[in-house]
Structures are given as C-alpha cells and as structure tokens.
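**Q** First residue of the sequence shown? That's 74 in this note's numbering, and the numbers climb one at a time after it.
Backbone N, C-alpha and C fix where the C-beta goes; we use that ideal spot for every residue, glycine too.
One structure, pasted below without further comment.
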Amino acid sequence: MQYKMEKPVKGTIETEKYQCTIEWRNGQIIADEPASLGGKDTGPDPYSLLLSSLISCKLITLRMYIDRKQWDIPELTINANLYQETKNELTTSYIDCDLIFPAGVPDDQRVRLQEIAKNCPVSKLLQGEVKVRMFAFREPETKTIRYSTEDVTVEWKPELCQHSTRCWKQLPQVFKPTQKKWIEPDGADKERVEEQVKRCPSGALVFIDNKKV
Ligand code: SF4
C-alpha cells in the first residue's frame, strides 16, 4: 500500500470563523465558509474545493490527451455543480459537469474528449468505493521508548499510538509488532525510515538523525 502523495495535505483551523489554512506540497490555500454560514468567504468552501479537484483533474487529463494527439484545441472550460437527493433514507449526490469547447472542434474529437473527461482519475475515485478513515491524537505525551542504531533513533510514544498499522504494513523490515524490540531502525535505509515515520497519523513516531544532533 502506498499513498498517492508523498506529503499529506495538512489543514489547520484556529478560532477565526471559519478560515482554514490548507498546506499542500508547494504552498498554502485558504478555505472558508460564505457569510450565510457564518464565515467570511475568504476562500472556497469545502464543496467548491471538491468540485475544483474534479474539474482540474478532468482538464489536466484532457490537456494531456489533446497534446498527445496534437489536436488544435487552445482552450477548454468545465462548469460543475452538485445536488443531493434523499430517498428511503439513502442520500445520492449528483455532480453535473458541463464541458465547453471552443467553436470549430470536430464532432468526433468532442465525443472522444467527453469520454476521456468522464473517466479522469478523480472521477474514478469518487465513483468507486471510498472509505474515509479518521485517526485522532492528542498533544500531551508521556512515555517515550527509543530504538537506536549508530546513525538513527526512532522514538515511539505508546500512549499516542493509534495502532493504525500503517508503519508495519508499509515498512515491515523496520516495524515488527510481534517482536518485543519492535522497531529495528537499521532494517531499511534512513531516508526510507524517516519517510515512514512522517506517515504515522498519530505523532507516535519521531525520527532523529543521530549525526545531526
Ligand atoms: S503508524 Fe503510528 S499510529 Fe500507526 S501503528 Fe505505527 S506508530 Fe502506531
């Protein structure tokens, strides 16, 4: 199992209603709610962000395809909106996407591009089975157990560990839950160990490069 993104998307909210700072690989964006819901509309709301993700995935996929085919289509636009219907206590969400071509695009290209857009990676994700898993952790910490080699120390805080299984499923050479000394930091190269430690959802793991302390 491998995550799609090397670095998770991180969101933080403080007391300012309802501004969230979303940190992504190479910068930040702000999310908010409109004034009608108590926010200040300083950034897109969560539904708009969801639609933005879908639209951008479709447009990028289309541009890649058009460039590969060397078709002369200088611009494409997609408008998207959503609504929900509840029947027999089951809510179904509908996302309608309107793909707008410039004048002069031949019918066969238009039909093909409509099909390509329909099957972009984010569409497939939204239409497949999705499980949103939530791991919670708290800041205070108590006991810390250290596992060291000459080069590397991995600290583990058992009271924070959510037993998500991420570490030992993704890097079993290092994380061995059936052993008493369950972390062997020399089981993989130190960059890989550091990367895995960063994926711990609870903050129970800390990586220390002994050469840098
Ligand atoms: S990834 Fe973190 S929370 Fe999950 S089992 Fe390992 S130490 Fe615990």
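1) How would you write the range of the beta strand (DSSP E) that V227 sits in, first residue to last?
2) Go ahead and label E223 buried or exposed: buried means 16 or more other beta carbons lie within 10 angstroms of its beta carbon, across all protein chains shown.
3) Would you please state the rounded distance, in angstroms, between the beta carbons of W170 and I151? I believe it to be under 8 angstroms.
4) Taking 8 angstroms as the cut-off, is the CB of P245 close to at least one heavy atom of the ligand SF4?
5) Measuring straight from C-alpha to C-alpha, what distance separates E158 and Y120?
6) Taking 8 angstroms as the line, does the beta carbon of F208 fall inside it for any heavy atom of the ligand SF4?
7) Buried or exposed, going by whether 16 or more other CB atoms sit within 10 Å of the CB of I256?
8) Grab me the residues of I128's own chain with a C-beta within less than 6 angstroms of its C-beta, minus the 5 sequence neighbours each way, in chain order.
9) In whole angstroms, give me the CA-to-CA distance for H236 and T164.
10) Quick one: what's got a C-beta closer than 8 angstroms to G84's C-beta in the same chain, skipping five residues either side?
11) Tell whether a beta-carbon distance below 9 angstroms holds between E228 and V286.
12) Would you list, in sequence order, the uninterrupted beta strand (DSSP E) runs of no fewer than 3 residues that lie entirely inside the stretch 113-195?
13) In the DSSP assignment, the beta strand (DSSP E) including C93 goes from what residue to what residue?
14) Following a CB-centred definition, is S237 positioned closer than 8 angstroms to any heavy atom of the ligand SF4?
**A** Quick look at the numbers:
1) 225-229
2) exposed
3) For the record, residue 170 in the displayed sequence is Cys; it is not Trp. Confirmed, about 5 angstroms.
4) no
5) 16 angstroms
6) yes
7) buried
8) I151, A153
9) 32 angstroms
10) C93, T94, I95, E96, A104
11) no
12) 150-160, 163-173
13) 93-97
14) yes
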